[in-house]
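All residue numbers for the sequence shown refer to the UniProt record's numbering, where the first residue is 1 and numbers rise by one.
Just so you know, even glycine gets a beta-carbon here, dropped at the ideal spot from N, CA and C.
In this text the structure is predicted, and so the values were computed from the model without any measurement.
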Amino acid sequence: PILTSTWSSVRSGLPPSMAASLFRLSRPRRVLLPLSALRLPLSTQPLPQPRDPSSPNSNRGLPAFLSFLAAAAAGGITSSVALCDAGPDHRVGGKDSTELVVRGERKCVPQQFIEELASFLGENLTVDYEERSFHGTPQNSFHKAVNVPDVVVFPKSQYEVRNIVMTCNKYKVPIVPYGGATSIEGHTLAPHGGVCIDMSSMKKIKSLHVEDMDVVVEPGVGWIELNEYLKPHGLFFPLDPGPGATIGGMCATRCSGSLAVRYGTMRDNVINLQQAVLPDGDVVKTGSRARKSAAGYDLTRLIIGSEGTLGVITEVTLRLQKLPSHSVVAMCNFQTVKDAADVAIATMHSGIQVSRVELLDEVQIRAINMANGKSLPEVPTLMFEFIGTEAYALEQTLLVQKIAAEHHGSDFVFVEEPNAKEELWKIRKEALWAGFAMKPDHEAMITDVCVPLSRLAECISVSKQLLDASPLTCLVIAHAGDGNFHTIILFDPTQEEERREAERLNHFMVHTALSMEGTCTGEHGVGTGKMKYLEKELGMESLRTMKRIKAALDPNNIMNPGKLIPPHVCI
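1) Identify whether T314 lies in helix, strand or coil by the three-state DSSP scheme.
2) Quick one: what's got a C-beta closer than 7 Å to R366's C-beta in the same chain, skipping five residues either side?
3) Candidates F491, N556, K206: which alpha carbon is nearest Q274's?
4) List the whole-angstrom C-beta distance separating Q364 from L475, where the pair is believed to meet the contact cut-off of C-beta under 8 Å.
5) Cα-Cα, which of E123, G193, N369 is closest to G435?
6) For T317 and chain D, any beta-carbon pair shorter than 8 Å?
7) Does DSSP put E307 in a helix, a strand or coil?
8) Helix or strand or just coil, what does DSSP make of D212?
9) Could you check where the alpha helix (DSSP H) with Y229 kicks off and where it finishes?
10) Just curious, the alpha helix (DSSP H) that T167 is in, first and last residue?
11) Report the residue from R319, G248, I164 whose alpha carbon sits nearest the alpha carbon of G222.
12) Just mark R499 as buried or exposed, buried being the case when its beta carbon has 16 or more other beta carbons within 10 Å.
13) Taking 8 Å as the threshold (C-beta atoms), are K426 and V337 in contact?
14) Could you have a look at P418 and say whether DSSP puts it in helix, strand or coil?
15) For P493, is the classification buried or exposed, using 16 other Cβ atoms within 10 angstroms of its Cβ as the cut-off for buried?
16) Tell me, please, whether the segment 469-484 touches the segment 350-363 by the rule of three or more beta-carbon pairs shorter than 8 Å.
17) Apply the 10 Å Cβ neighbour rule to Q139 and answer buried if 16 or more other Cβ atoms are within range, or exposed otherwise.
18) Tell me, please, which residues DSSP counts as bridged to F384.
19) Compare the Cα-Cα distances from H135 to each of G186, D554, T545 and report the closest residue.
20) Give me whichever residues DSSP pairs with M445 in a beta bridge.
21) Buried or exposed: where does A420 fall if 16 or more other Cβ atoms within 10 Å of its Cβ makes it buried?
22) Relative to the C-alpha of F120, which candidate in F142, K374, Q158 has its C-alpha closest?
23) Helix, strand or coil for H349 per DSSP?
24) Just how far apart, CA to CA, sit A341 and L278?
25) Please state whether the Cβ-Cβ distance between R319 and L259 is less than 8 Å.
26) Could you tell me the boundaries of the beta strand (DSSP E) in which I175 lies?
27) Following the continuous beta strand (DSSP E) through F273, name the residue where it begins and the one where it ends.
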């Protein structure tokens, strides 16, 4: 049997600490079946067939991108219906849409196409329905699939990825890159069927440059495994998203984590893409290994965060940090989330070099008590981590203790002994799984927003008023040091009114953040779930510019179609 997610492990009563490990082992066995065994997708209803985008430019790759923008600047590019999917059936991502199901269509892929893939992939290709369904069903997302991939492939090299992409482009077959499957915004859905490229077999650490403090890795390497490899060298990679996340997916979504307040996001910690395969099969290197460069367009940042819509990342150079010589973990309680958020803001304004500032509301603390048999005070709580020399870390801790006392903080505790730090920090690490365990028969709508730091307390307070008034169970966790907070909304998937209530809460939180000059997604990415908010956040001209870039690099629209760019955007 297939364990479909880490959440399934929690539902089965397994300890949360085992859940992340099991997730990586939960993929079904690869089965190479006869071509005749290829089955229809999950959806049995006929779906609308969108117009196939066509490029107004016959050039290829990056030269096409540059010539396309030059032509647009000169007025040579005119509006084209072929570059617009604004039909009534494409509701997901449409303006003010609340549709939760990703609409799509499926074209039958020819047997010749599958045979061509099999000619160089051999057994690293499957059309087994169970595995196609597994890859086409989100593992940590409330978004639902209407189709599954027609083929799942497991390349082992950049050469194979390039050949897969070239073959798909030749037949105009969609591609969905697939990393650790930890996305919660529907990034790995296959609304148009096509080929799922599972990057899990590409997990080599190509080269480590200790003196330069960087490492070159393939996209299937997990961040946890990478840090285990780096630890003997006194180095670490300072991003810590969900367990199971891989470097390729982290690059694609421009993710971050609890350490972003000190070290920045994925955008700041990728030096270059050593190899990225564009939709036409061209392989580009986006920069050198130098820590800074003023040479040419910043292609690294163009592809980082593009969510697989511009190409497939096959090799990455990452910036590393020295393992801190000492750290202190602290925790403090508050009567309101506003008081807790105010302390986080005051801490950042003080100039203290904190490495983590995490906020957990009283519902989240209650979940932790229920899941782990603890007896923590069920009030809003801040957790901190300070790093540096022993004297420096302790000095910073005492300064924050004083700030907390000025904002009605109580029960301030801190620890320095390794086992005690691990035990205290485990409260935060297992918060998500504890939340799931509150109602194991429910689904979770997990959302995140981010606002300017000065608006964090207001945004959380306003959101909490609505969340607390809702009949649904809602938990709040925040990376409070950079204005980013998450809400876990638990709902019964069999009750449509609960699903719509969850969506209403999500909608309110996002619009509240946008009204405060914030963003609809601080670190989870857009995928399918946040497309509907992009026009309000970025404006139509920005979205049209994004679509022009997409059309220039991917004129056949094969790269992760139906994600990131709202379908109602026309150029």
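In short, the structure shows the following:
1) As a first step, residue 314 is located in the sequence shown; it is residue number 314 there, counting from the start. Strand.
2) Position 366 of the sequence shown, counted from the start, is the residue given in the question as residue 366. Here the set comprises E378.
3) On the sequence shown, residue 274 is found 274 positions in, with the first residue counted as 1. Selected option, being the one with the closest Cα: K206.
4) Position 364 of the sequence shown, counting from 1, holds the residue named residue 364. Position 475 of the sequence shown, counting from 1, holds the residue named residue 475. The pair is a contact, with the Cβ atoms about 4 Å apart (cut-off 8 Å).
5) As a position in the sequence shown, residue 435 is number 435, starting the count at 1. The shortest C-alpha separation from G435 is found at N369.
6) Looking at the structure shown, chain D is missing, and only one protein chain is on hand.
7) Along the sequence shown, read from residue 1 onward, the residue named residue 307 stands at position 307. Note: E307 maps to coil in three-state DSSP.
8) Start at 1 with the first residue of the sequence shown, and residue 212 comes out as number 212. Here D212 sits in coil by DSSP.
9) By 1-based counting over the sequence shown, the position of residue 229 is 229. Its alpha helix (DSSP H) spans residues 223-230.
10) The residue labelled residue 167 in the question sits at position 167 within the sequence shown. Counting along the chain, T167 sits inside the alpha helix (DSSP H) bounded by residues 158-171.
11) The residue you call residue 222 lines up with position 222 of the sequence shown. Looking at the Cα atoms, G248 is the closest of the given residues.
12) Here residue 499 is taken as the residue at index 499 of the sequence shown, counted from 1. Buried, because 16 or more other Cβ atoms sit within 10 Å of the Cβ of R499.
13) Residue mapping note: residue 337 aligns to position 337 of the sequence shown, counting from 1. Residue mapping note: residue 426 aligns to position 426 of the sequence shown, counting from 1. No, Cβ-Cβ distance for V337 and K426 is not below 8 Å.
14) Translated into positions along the sequence shown, residue 418 becomes position 418. Note: P418 maps to helix in three-state DSSP.
15) Translated into the one-based positions of the sequence shown, residue 493 becomes position 493. P493 is exposed by the Cβ-count criterion.
16) yes
17) Here residue 139 corresponds to residue number 139 of the sequence shown, with the count starting at 1. Note on Q139: 16 or more other CB atoms within 10 angstroms of its CB, so buried under the neighbour-count rule.
18) Residue 384 sits at position 384 when you count from the first residue of the sequence shown. Partner(s): A330, V357.
19) In the sequence shown, residue 135 corresponds to position 135, counting from 1. The option with the nearest alpha carbon to H135 is G186.
20) Walking along the sequence shown from the start, residue 445 turns up at place 445. Answer by DSSP bridge pairing, in chain order: I489.
21) In the sequence shown, counting from the first residue as 1, residue 420 sits at position 420. So A420 ends up on the exposed side.
22) The residue you call residue 120 lines up with position 120 of the sequence shown. Comparing Cα-Cα distances from F120 to each of F142, K374, Q158, the minimum goes to Q158.
23) Taking the sequence shown and counting its residues from 1, the one referred to as residue 349 is at position 349. Correct three-state label for H349: helix.
24) Sequence index remark: in the sequence shown, residue 341 carries index 341 (1-based). Sequence index remark: in the sequence shown, residue 278 carries index 278 (1-based). Using only the alpha carbons, I get a separation of about 43 Å.
25) Translated into positions along the sequence shown, residue 319 becomes position 319. Translated into positions along the sequence shown, residue 259 becomes position 259. No. Outside cutoff.
26) As a working note, residue 175 is residue 175 in the sequence shown. Run containing I175: 175-178, per the beta strand (DSSP E) assignment.
27) One-based indexing of the sequence shown puts residue 273 at position 273. It is worth fixing the name first, because residue 273 is Leu in this sequence and not Phe. Looking at the DSSP string, the run of the beta strand (DSSP E) that includes L273 is 270-277.
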